[in-house]
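First residue of the sequence shown? That's 127 in the working numbering, and the numbers climb one at a time after it.
Heads up, the beta-carbon is just placed ideally off N, CA and C, and yes, glycines get one too.
Values in this document were obtained by computation on a predicted structure and should not be read as measured data.
The structure under discussion appears below in the form of structure tokens.
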Amino acid sequence: MSQQKPRLKKPVEKVRAELLADPDTKRIAKSVGMELEAYVELVLDYAQNPDKQPVLHVADDAELRAAGYEPPTPEEVGQFFVAGARGELGLEGPDFNKSGFDSAPSSAGKPSLQGTEGEKPLASDDPEKRQELLNQMRKGGPGRI
């Protein structure tokens, strides 16, 4: 028994209109060098035919030259993949680990939120003050918060 993959849940015309209006779709179509309408039709074709495999056309160097493209050398291809592995192509998405709140470039005169290593704690060594603070704390016990 073959398992059917889900098809579109909305009418094709509605999905087409949503894709044509979507700014991300416009950006992607531009980045892959396609007209927006052609890109949307390609997306719809794959959405309506989930078992369809993408087409990868491998062209001979002579075909590329005839079409006006200069094919890269094997060394250039290798350098491209190495640069991609190193993250030097600028293709990576946003770095969610850097929020902009991690560490300010200039923290002079600002309190540290992480604590400062090597400094003496601000707690008082005075036993009377310590006892006064302890007396102000709520007395805890079973069933009390």
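- In chain order, Leu145, Leu162, Tyr165, Val166, Val169 place their CB closer than 8 Å to the CB of Thr151, counting only its own chain and leaving out the 5 sequence neighbours on each side.
- Taking the CA atoms as reference points, His183 sits about 31 Å from Pro137.
- Contact between Pro200 and Asp187 does not hold, since the beta-carbon distance rounds to 11 Å and is not under 8 Å.
- Residue environment: Ala155 is assigned as buried (16 or more neighbouring CB atoms within 10 Å of its CB, all protein chains considered).
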